[in-house]
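>
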Amino acid sequence: MKNSKQSPPEEKFLRGEDKKLKGWKQLPIGAILDAGTAKNYKTGDWRNIRPIWNKEKCIQCLRCWIYCPDSSIIIKDGKVDGIDLDHCKGCGICAAECPVKPVKAITMVPEK
Ligand code: SF4
Ligand code: SF4
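The sequence shown stops at residue 111 when you use numbering that gives the first Met the number 0, and every number in between is there.
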């Protein structure tokens, strides 16, 4: 019969009790080589929907810039100036967060 008081393997590992797995002190030292290398590649290639920014409707609240997880909202002189479609992944967060009503200043459309 299984002992119901036994800790799950991941808990034993976190406490360093599981000797079959290495603890963090036994792991080889790793490194992050260069930061920001995605700038060198078009990482938005697999997007299936894209944001369309409407300059006339935009109230420049910058919420889209704050929430975009890919830093794809282009800012010029402290204002939104467009969207970097080479790196935008089409997640739609900018459109979801845009507060303009009834039609948002960013809408998502299917990628062609
Ligand atoms: S769709 Fe996503 S990745 Fe693209 S600009 Fe909006 S928040 Fe950023
Ligand atoms: S969230 Fe909407 S209104 Fe605010 S800056 Fe972005 S596009 Fe403009």
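Backbone N, C-alpha and C define an ideal beta-carbon position, used for all residues, glycine too.
For my contact list, G29 and C87 are in at a C-beta cut-off of 8 Å; report their separation, rounded to the angstrom.
At roughly 30 Å, the Cβ-Cβ gap does not stay under 8 Å, so G29 and C87 are not in contact.
> Compute the minimum distance between the beta carbon of K88 and the heavy atoms of ligand 1, and state whether it is under 7 Å.
Result yes, Cβ under 7 Å from ligand 1.
> Please report how far the alpha carbon of L26 lies from the alpha carbon of K19, in whole angstroms.
For L26 and K19, the distance between alpha carbons rounds to 13 Å.
> Would DSSP call R46 helix, strand or coil?
In the structure shown, R46 sits in coil (DSSP, three-state: anything other than H, G, I, E or B).
> Quick one: residues in its chain with C-beta nearer than 7 Å to the C-beta of P68, no 5 flanking neighbours on either side, listed in chain order?
Here the set comprises C90 and I92.
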